[in-house]
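>
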Amino acid sequence: MLSALNAERASLARQDPDHPLFHVAPPVGRLNDPNGLIVDSGTYHAFFQYTPEHPRKLVYWGHARSTDLVHWTYLPPAILPDSRQDRNGAYSGTAIGTDDGVELWYTGNYKDADTGEREATQCVVTTPDLRRFTKVVPPVIASQPEGYTAHFRDPQVWRDPDDPQGSYRMLLGAQREDLTGTVLLYRSSDLREWHCEGELSFPDAGGAFDRFGYMWECPNLVRLRDEESGHDRDVLIFCPQGIAPEREGFENVFPCVYMVGELVGTEFRGADGDYWEVDRGFEFYAPQVFADRARAWGRADPALLLGWAGNAGEDDQPSISTGGWVHALTAPRGLALADRRLVQRPHLPGLPLEHIGFPDSVDGDGARVAALESSRSWRFSASLAHEPGACLEMRVGADSGLVIRLSESLLEVDRSRTRYPHGGIRRVSLEPGWAGSVEVVHDRSITEIFLGGGRLAFTLRSFLEGAGSGLALGTAGGAVRVADARAARAD
Ligand code: FRU
1 MLSALNAERA SLARQDPDHP LFHVAPPVGR LNDPNGLIVD SGTYHAFFQY TPEHPRKLVY
61 WGHARSTDLV HWTYLPPAIL PDSRQDRNGA YSGTAIGTDD GVELWYTGNY KDADTGEREA
121 TQCVVTTPDL RRFTKVVPPV IASQPEGYTA HFRDPQVWRD PDDPQGSYRM LLGAQREDLT
181 GTVLLYRSSD LREWHCEGEL SFPDAGGAFD RFGYMWECPN LVRLRDEESG HDRDVLIFCP
241 QGIAPEREGF ENVFPCVYMV GELVGTEFRG ADGDYWEVDR GFEFYAPQVF ADRARAWGRA
301 DPALLLGWAG NAGEDDQPSI STGGWVHALT APRGLALADR RLVQRPHLPG LPLEHIGFPD
361 SVDGDGARVA ALESSRSWRF SASLAHEPGA CLEMRVGADS GLVIRLSESL LEVDRSRTRY
421 PHGGIRRVSL EPGWAGSVEV VHDRSITEIF LGGGRLAFTL RSFLEGAGSG LALGTAGGAV
481 RVADARAARA D
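The numbering of the sequence shown is full-length UniProt numbering, which starts it at 1 and goes up by one.
See below:
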């Protein structure tokens with residue numbers, strides 16, 4: 001703890017002009033997955049994988065809280081890797097409200113110093129008030145079941161809404177001994193005695209997920225009402241490692257995908273083998289949905305998701321040298337389902353959009369958005385209508401290197417002239433109607449693009465050149481009509 005606190009004290013991260021203002025980012029060192037997301041009577045708690053002494057690898061659970069999802073207060077780490085069970089890191093997990101408070105479920109990572117052999121255990125920390133945290137020792141689940149390797153981690157724990165007895169369930173990412181990925185389900189009546197129910201199976205998927213990558217990380221299940229059909233559906237979000245689909249997308253080292261179905265026992269019914277990426281951006285992984293302390297089975301309402309705006313193995317970013325920190329979480333997104341597809345809308349109650357005066361058409365060089373002049377942390381949204389062949393060009397930070405081009409059928413995000421050009425240009429084919437609305441959330445060095453009212457999400461780190469403020473819109477090949485322009489600035 002002491003060395004982590006010393007690292008925080010010596011940190012230059014907050015003075016770094018790239019350190020985000022309203023996104024959760026590490027006080028020092030490295031951040032990865034969001035963990036233990038829970039709302040407690042209007043206060044949102046975001047824990048996160050936190051390596052204060054990066055590049056020395058030792059993962060804590062960092063802790064931040066907010067009442068408006070824009071202003072975050074950082075608290076001391078909640079889980080310290082200071083027991084045998086988590087000596088090599090307190091890995092990812094989730095939170096659940098109980099009668100006595102909240103439990104934080106996580107994976108203890110232990111690596112034998114001599115043999116290098118790994119032990120993965122499922123562990124719990126209890127807290128009456130989300131201020132004082134007590135670790136339960138020894139681990140609650142001491143090892144993986146037979147037939148699986150020690151890649152056995154990232155518990156999601158919730159109360160089964162379909163069980164009148166109110167038992168608890170746990171979903172875990174796992175690897176079979178034949179080195180294929182899967183998820184395991186556990187059940188418990190008291191959160192302490194657990195039995196393995198088996199693998200989650202996909203009876204309607206024609207075998208599509210039987211050999212699907214070598215490990216599934218961070219499984220997360222959320223029930224949503226489909227806005228089109230009115231039916232409740234379960235959405236399974238997970239991160240399969242080592243898949244190589246022969247279709248557009250899947251450019252990142254590991255993808256994060258979802259499928260829609262209905263969890264009945266251990267069967268995920270109705271999922272027909274199709275799956276989609278949650279976000280098409282350069283950086284996105286390991287998202288998690290907020291729990292609600294008062295609704296043990298349930299998620300926060302509306303369902304809210306935070307992701308990691310990062311990828312495994314991509315820590316070599318400009319912020320390491322300018323401030324000794326790397327990575328951030330995405331902005332919170334309200335989740336909905338429409339026609340069995342996920343819809344994600346930025347949910348930032350502390351930064352409400354307001355109507356701004358803006359020309360009702362952009363043609364050629366176009367205009368800067370006056371309301372965002374000199375701002376480096378803002379959001380902007382508008383409805384759009386493209387003339388045939390027209391392409392809208394959004395220059396984030398005016399002329400600072402990030403260019404978003406949007407035609408009716410294509411999104412093109414070009415960061416090749418930023419200070420972090422990794423990946424260069426990425427193109428996403430658009431479904432009809434997606435180009436009809438855009439929202440951009442930008443916060444110093446992170447940018448999130450939402451099209452089609454949230455049908456497409458695209459997250460990236462955007463280390464701009466120079467002052468890098470504001471937003472400018474221009475067009476090529478025709479005019480684009482702009483209606484209902486709104487904006488808000490956070491600085
Ligand atoms: C995903 C992940 C998890 C693991 C954690 C370790 O990014 O690899 O599977 O629990 O990060 O930091």
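Just so it is clear, CB atoms sit at the ideal spot from N, CA and C, and this is done for glycine as well.
Can we say the stretch 82–95 touches the stretch 150–157, given the rule of at least three CB pairs closer than 8 Å?
yes
> For ligand 1, is there a heavy atom less than 7 Å away from the beta-carbon of Tyr285?
The answer is yes for Tyr285.
> Pick from Phe380, Ser83, Tyr168: whose alpha carbon is nearest that of Pro138?
Ser83
> For Asp232, which beta-bridge partners are listed by DSSP?
Arg225
> Any idea what DSSP makes of Arg293, helix, strand or coil?
coil
> Verify the contact flag: Arg405, CB atom, against every heavy atom of ligand 1, threshold strictly below 7 Å.
no
> Compute the beta-carbon to beta-carbon distance between Leu172 and Tyr186, rounded to the nearest angstrom, for a pair I have assumed lies under 8 Å.
7 Å
> Indicate the three-state DSSP secondary structure (helix, strand or coil) for Ser375 in the structure shown.
coil
> Kindly provide the ranges of any beta strand (DSSP E) runs that are 3 or more residues long and lie completely inside the stretch 134–160, ordered along the chain.
148–159
> Taking Glu8 as part of the alpha helix (DSSP H), name the residues at either end of that continuous run.
Segment 2–9, the alpha helix (DSSP H) holding Glu8.
> Report the rounded CA-to-CA distance for Asp100 versus Thr126, giving the unit in angstroms.
Here the alpha carbons of Thr126 and Asp100 stand approximately 9 Å from one another.
> Please report the distance separating the alpha-carbon of Ala479 from that of Phe358.
So the two alpha carbons sit approximately 15 Å from each other.
> With contact counted as at least three CB pairs below 8 Å, one residue from each stretch, are the stretch 192–206 and the stretch 261–270 in contact?
By the Cβ rule, the stretch 192–206 counts as touching the stretch 261–270, because three or more pairs are nearer than 8 Å.
> What first and last residue would you give for the alpha helix (DSSP H) that runs through Ile320?
318–323
> For Cys123, which residues does DSSP report across the bridge?
Tyr106
> Using DSSP's beta-bridge definition, name the partner residues of Arg489.
Trp378
> Per DSSP, what kind of secondary structure is Ala483 in: helix, strand or coil?
Residue state, collapsed to three classes: strand.
> Considering only the alpha carbon of each residue, which of Asp86, Asp272, Val440, Asp363 lies closest to Gly281?
Val440
> Does the beta-carbon of Glu217, which I'm using as the reference point, lie nearer than 7 Å to any heavy atom of ligand 1?
yes
> Does residue 562 pass the burial test, meaning 16 or more other C-beta atoms within 10 Å, or should it be called exposed?
This structure gives no information on residue 562, because the portion of the chain shown stretches from 1 to 491.
> Just checking my contact of Pro332 with Leu304 at CB under 8 Å: how many whole Å lie between their CB atoms?
5 Å
> I'd like to know whether the C-beta atoms of Ala398 and Ser445 end up nearer to each other than 8 Å.
no
> Three Cβ pairs or more, each shorter than 8 Å: is that satisfied between the stretch 236–253 and the stretch 55–74?
With contact defined as three or more Cβ pairs closer than 8 Å, the stretch 236–253 and the stretch 55–74 are not in contact.
> Compute the minimum distance between the beta carbon of Arg461 and the heavy atoms of ligand 2, and state whether it is under 7 Å.
Among the ligands present in this structure, namely ligand 1, ligand 2 is not found.
> Which first and last residues belong to the beta strand (DSSP E) in which Ala90 is found?
Residues 90–98.
> Just grab the DSSP bridge partners of Ser469 for me.
Paired residues: none, contrary to the question.
> For chain D, check one thing: does any of its Cβ atoms lie closer than 8 Å to the Cβ of Glu393?
Absent from the structure: chain D. Only one protein chain is present.
> What's the call for Gly42, buried or exposed, on a 16-neighbour Cβ count within 10 Å?
By the neighbour-count rule (16 or more Cβ atoms within 10 Å), Gly42 is not buried but exposed.
> Can you tell me the Cα-Cα spacing of Asp160 and Pro287, whole angstroms?
21 Å
> Taking the alpha-carbon positions, what's the Arg419 to Pro81 distance?
For Arg419 and Pro81, the distance between alpha carbons rounds to 34 Å.
> Who are the Cβ neighbours of Pro77 in its own chain at under 8 Å, not counting the five residues just before and after it?
Met1, Ala4, Tyr50, Pro52, Tyr60, Trp61, Gly62, His63
> If Arg225 and Asp234 are in contact, beta carbons under 8 Å, what's the gap, nearest whole angstrom?
So it is not a contact: roughly 11 Å between Cβ atoms.
> Pull up the CB-CB distance for Leu430 and Leu410, whole angstroms please, since I reckon it's below 8 Å.
6 Å
> Report the three-state DSSP secondary structure of Arg176 (helix, strand or coil).
strand
> Round the Cβ separation of His19 and Ala10 to the nearest angstrom and send it over; I've been treating them as touching at under 8 Å.
Beta-carbon to beta-carbon, His19 and Ala10 are separated by about 15 Å, too far to satisfy the 8 Å threshold.
> In three-state terms, what does DSSP make of Gln85?
helix
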